[in-house]
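Accompanying notes for the structure given below.
Numbering (the numbering used here), first residue to last: 664 to 730.
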């Protein structure tokens, strides 16, 4: 478990998500995050991206990282 560093936390830019939180009972078609993503693209609304392994225990499911 990482130990929080107050110096690092002061410099970190906080991202505040806007938009509607989708219901898990009836998620949106395509990417389940598309209603809140600041970089949403047309493909996000129609197609769900696959999870990709980027090493060191990091995974991503985003069309921006499918290349």
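Yeah, the Cβ is synthetic: ideal placement off N, Cα and C, and Gly gets one too.
Computed from a predicted structure; not experimentally measured.
Flag this pair as yes or no: are the beta carbons of residue i and residue j separated by less than 8 Å?
i	j	result
residue 715	residue 723	yes
residue 699	residue 681	yes
residue 709	residue 720	no
Closest to residue i by C-alpha separation, out of the options, would be which residue?
i	options	result
residue 701	665, 674, 691 and 727	727
residue 706	725, 717, 688 and 674	725
Would you tell me roughly how many angstroms separate the C-alpha atoms of residue i and residue j, rounded to the nearest one?
i	j	result
residue 666	residue 696	28 Å
residue 679	residue 691	21 Å
residue 713	residue 675	29 Å
residue 741	residue 677	Residue 741 lies beyond the range of the chain shown here (664 to 730); nothing can be said about it.
residue 664	residue 688	31 Å
Identify the residues that DSSP records as bridge partners of residue i: which are they?
i	result
residue 716	722
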